[in-house]
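Okay, structure first, notes after.
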Amino acid sequence: MKVNVIGEQLSQEEIDAYIEYGRKKYSDRIINGMTVKTDGDFVDLKYDFEPDVPFDRIRRITGYLVGTLDRFNNGKRAEEHDRVKHTV
9 MKVNVIGEQL SQEEIDAYIE YGRKKYSDRI INGMTVKTDG DFVDLKYDFE PDVPFDRIRR
69 ITGYLVGTLD RFNNGKRAEE HDRVKHTV
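Numbering (my numbering), first residue to last: 9 to 96.
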């Protein structure tokens, strides 16, 4: 993990404690890096996370929940094509 310290120097023990704090607080995410900004007795922590996993869009088309139309037969594809699409 890349750690960037801005301001006063920190001991390796302090840096390790901030890394452990981030891992516990954000246990559901992957941390790529961290920026520690010191200002006297105050410390600001900024964590850089792994990008979120993209999700598949699921739509309700002609009564079915689908992601893509590639599994539809010709009849269902024609139903989808003939639908009235509303705009907002």
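Yeah, the Cβ is synthetic: ideal placement off N, Cα and C, and Gly gets one too.
This one's a predicted model, so the numbers in the text were calculated from it and none came from an experiment.
| Check | Outcome |
| --- | --- |
| Taking N40 as the reference, give the member of K32, D56, D49 with the closest Cα. | D56 |
| Kindly give me the distance between the Cβ atoms of G75 and D64, rounded to whole angstroms, as I take these residues to be in contact under 8 angstroms. | 5 angstroms |
| Compute the Euclidean distance between the alpha carbons of Q17 and R37, then round it to the nearest angstrom. | 27 angstroms |
| At 4 residues or longer, what runs of the alpha helix (DSSP H) sit wholly inside the segment 24–92? | 82–90 |
| Figure out for me which residue from F80, P62, V44, N81 has the closest Cα to the Cα of S19. | V44 |
| Ordered along the chain, which non-local residues of its own chain (more than five positions away) have a Cβ less than 8 angstroms from that of G30? | I39, M42, L53, Y55 |
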